[in-house]
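Each residue of the sequence shown is one higher than the last, beginning at 0 in numbering that gives the first Met the number 0.
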Amino acid sequence: MSVRVLFSAPKSDWEDYREVLAAAVADLAVNATFEHAVFPDNPEAVDYIVYAPSSRLSDFGPFTGAKAVLNLWAGVENVVTNPTLTQPLARMVDPGLTEGMVEWCVAHVMRHHLMTDRDVCRSNAAWEPFVPPLARDRPVTILGLGALGRAVGQALAALNFPVTGWSRSEKSVDGMTCLAGETGLRQALATAEILVLLLPLTPETEDLLDADRLALLPKGAVVINPGRGPLIDDGALIAALDKGDLAHATLDVFRTEPLPESHPFWTHLKVTVTPHIASATRPESAARVIAENIRRGEAGEPLLHLVDRKKGY
Ligand code: NDP
0 MSVRVLFSAP KSDWEDYREV LAAAVADLAV NATFEHAVFP DNPEAVDYIV
50 YAPSSRLSDF GPFTGAKAVL NLWAGVENVV TNPTLTQPLA RMVDPGLTEG
100 MVEWCVAHVM RHHLMTDRDV CRSNAAWEPF VPPLARDRPV TILGLGALGR
150 AVGQALAALN FPVTGWSRSE KSVDGMTCLA GETGLRQALA TAEILVLLLP
200 LTPETEDLLD ADRLALLPKG AVVINPGRGP LIDDGALIAA LDKGDLAHAT
250 LDVFRTEPLP ESHPFWTHLK VTVTPHIASA TRPESAARVI AENIRRGEAG
300 EPLLHLVDRK KGY
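This is the structure:
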């Protein structure tokens, strides 16, 4: 009998995914049928839910037969606390998304490292040759050493940046100095000429970068945040930029998205805003991850990328 999979995501996602999902399950010889609906008939007969937190589905209660919810996004903060969710929740770790995040982070680190904005001469009055340090002399810190932080850290280390990474549990990653805990965080911030945030949003990480922690960064440091907006205290960040303690912030994610028109980040000369585009799930590679999890679920094998509901990620 065919496994019944509900695709609960906006219609535009369905257009992107319907064919690649069908191809991915066929490749694994999994007999699954996908349907796009907000409130399907016979919800108790749905076996898996492929879920985007932007979907209108918020009550998982009727899906009494569902074996798992497979999140289409890497971040799960909008679903992990849903009290109706009793099924196992897997998040998205997509090789395509990881590749995109590596490219975005490397581009923005390089922009600040090479001071590319300063280099671009718009008239001969700006002809001021400047030699930036080599990457080997520009310490970078990544907060979060998960699927994304590790990949970004290793790409930067391959370019010779001295990379320090920080995570909850102790780790060892080739080419990087890995730290953990509060003392590790202070040490990781103290050396960070460029700081990249790749932490999930949880009660523990909200406002992690407050005024006290921002003050630990070296003078003139740059903050790059493709993680989640609430990781940083916005007011403290603006104050540190205004005082000249920080040189720049490149922000892809915000407390409220889209960033409200009146928000001071829009006009701040030391802030670059990007519209939550650091990296997206790529349908073709993500479909293979979903198909593999359905195969595992049906074979009674452990699912990939299960979320720890207590930790929140
Ligand atoms: P993972 O779950 O793989 O990694 C999370 C990392 O953060 C882990 O190293 C974890 O530590 C660490 N961490 C979590 N909580 C704490 C804490 N309290 N103290 C210290 N370290 C902590 O996530 P991903 O790498 O896949 O993704 C990271 C985030 O990136 C996502 O949650 C999402 O918010 C964001 N994202 C943004 C996108 C964009 O376009 N802007 C696109 C995709 C993701 P440990 O390893 O010890 O568990």
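We put the beta carbon where it would ideally sit given N, CA and C, even for glycine. Computed from a prediction, not measured in an experiment: that's the story for all the values here.
Enclosing beta strand (DSSP E) for residue i [first to last residue]
i, result
"Gly164", "162 to 166"
"Arg3", "2 to 7"
"Ala179", "175 to 179"
"Ile141", "139 to 142"
Closer than 8 angstroms: residue i CB and nearest the ligand NDP heavy atom
i, result
"Lys310", "yes"
"Val252", "yes"
"Arg227", "yes"
"Ile223", "no"
"Met100", "yes"
"His275", "yes"
"Val75", "yes"
"Ala279", "yes"
"Ala187", "no"
"Gly143", "yes"
"Arg212", "no"
"Ser171", "no"
"Arg55", "no"
"Val92", "yes"
"Ala146", "yes"
"Glu203", "yes"
"Leu20", "no"
"Ala23", "no"
"Arg167", "yes"
"Leu69", "no"
"Trp72", "yes"
Beta-carbon proximity of residue i to residue j, cut-off 9 angstroms
i, j, result
"Asp233", "Leu213", "no"
"Ala73", "Arg90", "yes"
"Ala31", "Val75", "no"
"Pro225", "Val195", "yes"
"Leu113", "Pro138", "no"
"Val306", "Leu88", "yes"
"Met175", "Ala156", "yes"
"Thr140", "Leu188", "yes"
"Leu230", "Leu147", "no"
"Ala277", "Leu71", "no"
"Ala239", "Leu216", "yes"
"Leu197", "Gly243", "no"
"Val29", "Ser7", "no"
"His275", "Glu256", "yes"
"Arg135", "Lys310", "no"
"Ile48", "Leu27", "no"
"Ser321", "Asn81", "The shown model of the chain, from 0 to 312, leaves out residue 321, and the question about it has no answer."
"Ile193", "His111", "yes"
"Phe62", "Pro94", "no"
"Gly64", "Asp46", "yes"
"Leu245", "Ala220", "yes"
"Trp325", "Gly183", "Any answer about residue 325 is impossible in this case: the structure gives the chain only from 0 up to 312."
"Ile293", "Val24", "yes"
Alpha helix (DSSP H) segment containing residue i, residue limits
i, result
"Asn292", "282 to 298"
"Val19", "10 to 26"
"Gly234", "233 to 242"
"Leu147", "146 to 157"
Paired residues, beta bridge with residue i - DSSP
i, result
"His314", "With the chain covering 0 to 312 only, the question about residue 314 has no answer from this structure."
"Ile276", "Answer by DSSP bridge pairing: none, since Ile276 is not bridged."
"Leu88", "Val68"
"Leu194", "Thr140, Val222"
"Val314", "For the chain, the structure presents residues 0 to 312; residue 314 sits outside this window and is missing."
Continuous beta strand (DSSP E) assignments of at least 3 residues falling wholly in the stretch 199 to 227: 220 to 224
Kindly provide the ranges of any alpha helix (DSSP H) runs that are 4 or more residues long and lie completely inside the stretch 92 to 130, ordered along the chain. Here the runs fully enclosed are 94 to 112, 115 to 118.
In the stretch 28 to 86, which residue ranges form an unbroken beta strand (DSSP E) of at least 3 residues, counting only runs that do not cross its ends? 31 to 35, 47 to 50, 67 to 70
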